[in-house]
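J.: Quick note, the sequence shown lines up with residues -5 to 305 if you use the working numbering.
Positions of the beta carbon are idealized from the N, C-alpha and C atoms, including for glycine.
Values in this document were obtained by computation on a predicted structure and should not be read as measured data.
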Amino acid sequence: MLILLENRKFEVLEDIYKITKDIDYNFIKPEQAFAVRANRVGSHNFTSMDVARVAGQAIIDAYMESRQKRLKVNLDEPDVIIRVDVIHDEVFVGVDTTGDNALHKRWYRVYHHPASLNASIAASLIRLAGWNENKVLLDPMAGGGTILIEAALMGRNIATGKNRDFAYFKIFGEILSEEHEKEIFMDLYGIEKYRKHVVGATRNARAAGVADTIKFLQGDATKLEGIEANTVVTNPPYGLRIGSKRIIEELYSGFLDSLQNVLSDDATVVIITSNDKILRKYAEVLGYVIEEEIGVKYGNLDTAVFKLYLQ
Ligand SMILES: C[S@@+](CC[C@H](N)C(=O)[O-])C[C@H]1O[C@@H](n2cnc3c(N)ncnc32)[C@H](O)[C@@H]1O
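#1: Pull up the distance between the alpha-carbon of I221 and that of S37, whole angstroms please.
#2: Could you tell me which whole beta strand (DSSP E) segments of length 3 or greater appear in the segment 196 to 222?
#3: When the distance is taken between beta carbons, is E71 closer than 9 angstroms to G137?
#4: Among R77, M135 and N20, whose alpha-carbon lies nearest the alpha-carbon of G213?
#5: Is any heavy atom in ligand 1 found nearer than 8 angstroms to the beta carbon of P24?
#6: In whole angstroms, what separates the C-alpha of I272 from that of T228?
#7: Starting from G149, trace the beta strand (DSSP E) both ways and give me its first and last residue.
#8: Out of H107, G88, P108 and I115, which has the shortest C-alpha to C-alpha gap to H98?
#9: Quick check on DSSP: helix, strand or coil for L304?
#10: Would you mind working out which of R64, H174, E8 and V35 sits nearest V20, comparing C-alpha positions?
#11: With hydrogens ignored, establish whether the beta-carbon of Y292 is closer than 8 angstroms to any heavy atom of ligand 1.
#12: Whole angstroms is fine: what's the gap from A298's alpha carbon to N269's?
#13: Below 9 angstroms between beta carbons: does that hold for E244 and T267?
#14: What is the residue span of the alpha helix (DSSP H) that F28 lies within?
#15: Less than 6 angstroms between C-beta atoms, sequence neighbours within five positions excluded: which residues of the same chain meet that for E219?
#16: What residue does the alpha helix (DSSP H) around E0 start on, and which one ends it?
#17: What residues in its chain sit with their C-beta under 8 angstroms from that of R31, if we drop five residues either side in the sequence?
#18: How long is the line joining the alpha carbons of I10 and N39, rounded to whole angstroms?
#19: Could you tell me whether the Cβ atoms of E175 and I152 are closer together than 9 angstroms?
#20: Take the Cβ of V6 as the centre, count every other Cβ of all protein chains shown within 10 Å, and call the residue buried at 16 or more, exposed below.
#21: Could you spell out where the beta strand (DSSP E) holding E285 opens and where it closes?
#22: How is F249 classed by DSSP in three states: helix, strand or coil?
#23: Give the straight-line distance between the Cα atoms of A223 and H191, rounded to the nearest whole angstrom.
#24: Any heavy atom of ligand 1 within a distance shorter than 8 angstroms of the CB on Y232?
#25: Cβ atoms of G149 and T207: under 9 angstroms apart, would you say?
#26: From this set, I178, V226, P230 and R189, which residue's C-alpha is nearest A205's C-alpha?
#27: Within its chain, find whatever has a CB closer than 6 angstroms to the CB of V264; leave out the 5 residues flanking it on each side and keep chain order.
#28: Can you tell me whether M(-5) sits near ligand 1, meaning its C-beta is under 8 angstroms from at least one heavy atom of the ligand?
#29: Go to G233, then tell me how far its beta strand (DSSP E) extends in each direction, as first and last residue.
#30: Pick helix, strand or coil for L97, following the three-state DSSP scheme.
#31: Taking just the CA atoms, how far does F249 sit from I143?
#32: Could you compute how far the alpha carbon of L(-1) sits from the alpha carbon of Y188?
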């Protein structure tokens, strides 16, 4: 994420120097080191490395004029990252509030499930399902537990950026406050076919500090029983290997069928899959209503998110 400092049109590389130098950089502390990361879209007679060099010099010169101090540059581990993006005839200068590590990266991933879901997408699915900490959430194909752990963090108000070496906090000197965290227990259930993933999910939940509120059980999503859930959020296998279409059909139909044993009347089901045709087919056959279907580009995969309820 970016806090935009300036957005102007330019003609030549020298203009980028002037535009970048005109900005007030006093939010950078004299002892902090900075780096410029530059990107370029369009046709120009200079490279993005030229942009980074010119903008870097402009920042050093601007700081020298206002604070009489030469800022340090550290390209590998900067405290502050200034992004300078050149898009055709416009330049955008901003402070990066994320840092070089993407926001979906979580500190609790001590067990790496081979098909783990992007944590930011998991959090969005939980929101789409309308879940809150008073509802009973089930993930019947829980894998490494991402969906349930994200829900537990959300319910307890634990910041998902906690424990990150976060660029924003280095700049503005704030720390993520723990005073709003809640010590509450929730009804969060994860079912998973393979024991090693159940053990891995439990390790992840422990690392996240929420193991006491999630129950991970070894079981079969096509033979569900014994609980009543009003929210289901899941990320079933996509079956990308050749010859697995029949297996996926059996899994999806069996799962949607057995899910009816554990859903309360007002339940919401959210599923992300790249097998949209198979999902749609069995959802309709088994009496689910598709309330929403949202296309999500996930890496190089076209996936769909379905929001369903029972008729
Ligand atoms: C795409 S992964 C889920 C990944 C998970 N969301 C995460 O972030 O770690 C799908 C999981 O479904 C499990 N699975 C497959 N068939 C199942 C079944 N019949 N019952 C329960 N789990 C099943 C697989 O073992 C796999 O761990």
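T.: Let me spell this out:
#1: Looking up residue 221 in the sequence shown gives position 227. Looking up residue 37 in the sequence shown gives position 43. Going from the Cα of I221 to the Cα of S37 covers about 60 angstroms.
#2: Those beta strand (DSSP E) runs which fall completely within the segment 196 to 222 and span 3+ residues are 208 to 212.
#3: For the purposes of this step, residue 137 is identified with residue 143 of the sequence shown, where counting begins at 1. For the purposes of this step, residue 71 is identified with residue 77 of the sequence shown, where counting begins at 1. No, these two residues do not count as a Cβ contact at 9 angstroms.
#4: Stepping through the sequence shown from its first residue, residue 213 is reached at position 219. Ranked by how close their Cα comes to the Cα of G213, the residues R77, M135 and N20 have M135 in first place.
#5: Along the sequence shown, one-based indexing puts residue 24 at 30. Distances from the CB of P24 to the heavy atoms of ligand 1 are all 8 angstroms or more.
#6: For the purposes of this step, residue 272 is taken as residue 278 along the sequence shown, with counting starting at 1. For the purposes of this step, residue 228 is taken as residue 234 along the sequence shown, with counting starting at 1. Going from the Cα of I272 to the Cα of T228 covers about 15 angstroms.
#7: In the sequence shown, residue 149 corresponds to position 155, counting from 1. If you look at G149, you'll find it isn't in any beta strand (DSSP E); it sits in the alpha helix (DSSP H) that goes T140 to R150.
#8: Indexing the sequence shown from 1 puts residue 98 at position 104. Among H107, G88, P108 and I115, the Cα nearest to that of H98 is on I115.
#9: Position 310 of the sequence shown, counted from the start, is the residue given in the question as residue 304. L304 falls in the strand class under three-state DSSP.
#10: Residue mapping note: residue 20 aligns to position 26 of the sequence shown, counting from 1. Residue identity check: residue 20 is Asn in the sequence provided, not Val. Per the Cα distances, R64.
#11: Locating residue 292 in the sequence shown gives position 298, where the first residue counts as 1. It does not: the Cβ of Y292 is nowhere closer than 8 angstroms to a heavy atom of ligand 1.
#12: Numbered from 1 along the sequence shown, position 304 holds the residue referred to as residue 298. Numbered from 1 along the sequence shown, position 275 holds the residue referred to as residue 269. Cα to Cα, A298 sits roughly 8 angstroms from N269.
#13: Here residue 244 refers to the residue found at position 250 of the sequence shown. Here residue 267 refers to the residue found at position 273 of the sequence shown. Not a contact, by the Cβ cut-off of 9 angstroms.
#14: For the purposes of this step, residue 28 is taken as the residue at position 34 of the sequence shown. No alpha helix (DSSP H) contains F28, which is instead part of the beta strand (DSSP E) from A27 to V35.
#15: Position 225 of the sequence shown, counted from the first residue, corresponds to residue 219. So the list reads N255, once near-sequence residues are dropped.
#16: By 1-based counting over the sequence shown, the position of residue 0 is 6. It is not in any alpha helix (DSSP H) - E0 instead sits in the beta strand (DSSP E) that spans L(-4) to K3.
#17: Numbered from 1 along the sequence shown, position 37 holds the residue referred to as residue 31. So the list reads A46, I75, I76, R77, V78 and D90, once near-sequence residues are dropped.
#18: The sequence position of residue 10 within the sequence shown is 16, counting from 1. The sequence position of residue 39 within the sequence shown is 45, counting from 1. C-alpha separation (whole angstroms): 13 angstroms.
#19: Position 181 of the sequence shown holds residue 175. Position 158 of the sequence shown holds residue 152. Against a cut-off of 9 angstroms, the Cβ pair of I152 and E175 comes out as a contact.
#20: If you number the sequence shown from 1, residue 6 lands on position 12. Exposed, since its Cβ has fewer than 16 Cβ neighbours within 10 Å.
#21: Residue 285 sits at position 291 when you count from the first residue of the sequence shown. Taken as a continuous stretch (DSSP letters only), the beta strand (DSSP E) holding E285 covers Y282 to Y292.
#22: The count along the sequence shown starts at 1 and reaches residue 249 at position 255. Residue state, collapsed to three classes: helix.
#23: Against the sequence shown, residue 223 aligns to sequence position 229. Against the sequence shown, residue 191 aligns to sequence position 197. So the alpha carbons of these two residues sit roughly 22 angstroms apart.
#24: In the sequence shown, counting from the first residue as 1, residue 232 sits at position 238. Yes.
#25: Along the sequence shown, one-based indexing puts residue 207 at 213. Along the sequence shown, one-based indexing puts residue 149 at 155. Contact flag set, yes.
#26: One-based indexing of the sequence shown puts residue 205 at position 211. Of the listed residues, the one whose Cα sits closest to A205 is I178.
#27: What you label residue 264 is simply residue 270 of the sequence shown in a count that begins at 1. If the five residues before and after V264 are omitted, its C-beta is found closer than 6 angstroms to the C-beta atoms of L119, L122, A123, V227 and K301, all from its own chain and listed in chain order.
#28: Counting from one through the sequence shown, the residue named residue -5 turns up at place 1. Within the chosen limit of 8 angstroms, ligand 1 does not reach the beta carbon of M(-5) with any heavy atom.
#29: Residue numbering aside, residue 233 sits at position 239 when the sequence shown is read from its first letter. Taken as a continuous stretch (DSSP letters only), G233 belongs to no beta strand (DSSP E), as it is neither H nor E.
#30: Sequence index remark: in the sequence shown, residue 97 carries index 103 (1-based). For L97, the three-state secondary structure derived from DSSP is coil.
#31: Position 149 of the sequence shown, counted from the start, is the residue given in the question as residue 143. Position 255 of the sequence shown, counted from the start, is the residue given in the question as residue 249. CA-CA distance, I143 to F249, rounds to 22 angstroms.
#32: As a working mapping, residue -1 is identified with position 5 in the sequence shown. As a working mapping, residue 188 is identified with position 194 in the sequence shown. Distance between the alpha carbons of L(-1) and Y188 is about 50 angstroms.
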